[in-house]
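Each remark here refers to the structure printed beneath this line.
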Amino acid sequence: MSGGSWFFLPHGARIYNKLMDFIRNQYRDRGYQEVMSPNVFNMDLWMQSGHAKHHKEDIFVLKIDKHEFGLKPMNCPGHCLIFKHKVQSYREARENL
75 MSGGSWFFLP HGARIYNKLM DFIRNQYRDR GYQEVMSPNV FNMDLWMQSG
125 HAKHHKEDIF VLKIDKHEFG LKPMNCPGHC LIFKHKVQSY REARENL
């Protein structure tokens, strides 16, 4: 485990799960859809999105087999990939801006 990460004992896990259920219900009630993205992205994505230029000092970089990967401090690049792959109509575009 890394610094700042936590362990949940059984009672804490129950509280956490109840809180997540509440949050997910709020999402549904308001018409949001939940998505999930990986915690590590290739640094090429961070460069392409412009985040590396402005936030490289906030990204923990892993070097594996001559490739660099960044542990995400934010969700923006991953969510842009999700949005890019969703079929969009011109009517939805206005809602998503």
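Just so we're aligned, residue 75 is where the sequence shown starts under this note's numbering, counting upward by one.
A virtual CB, placed ideally from N, CA and C, is assigned to each residue, including glycine.
Asked	Found
Mark G144 as exposed unless 16 or more other C-beta atoms lie within 10 angstroms of its C-beta, in which case mark it buried.	buried
Give the secondary structure of F143 by DSSP, where H, G and I count as helix, E and B as strand, and everything else as coil.	strand
With a CB to CB cut of under 6 Å and the five nearest residues on each side skipped, what residues in its chain are close to V135?	E142, G144
Could you pull the start and end residues of the alpha helix (DSSP H) that F96 belongs to?	84-103
Would you grab the beta carbon distance between I138 and W120 for me? Rounded to a whole angstrom, and I think it's under 8 Å.	Contact flag wrong, Cβ pair sits at about 15 Å.
Here's the rule I'm using: 16 or more other beta-carbon atoms within 10 Å means buried, otherwise exposed. How should P151 be labelled?	buried
What residue range does the beta strand (DSSP E) around K137 cover?	134-138
Would you give the residue range spanned by the alpha helix (DSSP H) that F157 belongs to?	150-159
H125: buried (16+ other C-beta within 10 angstroms of its C-beta) or exposed?	buried
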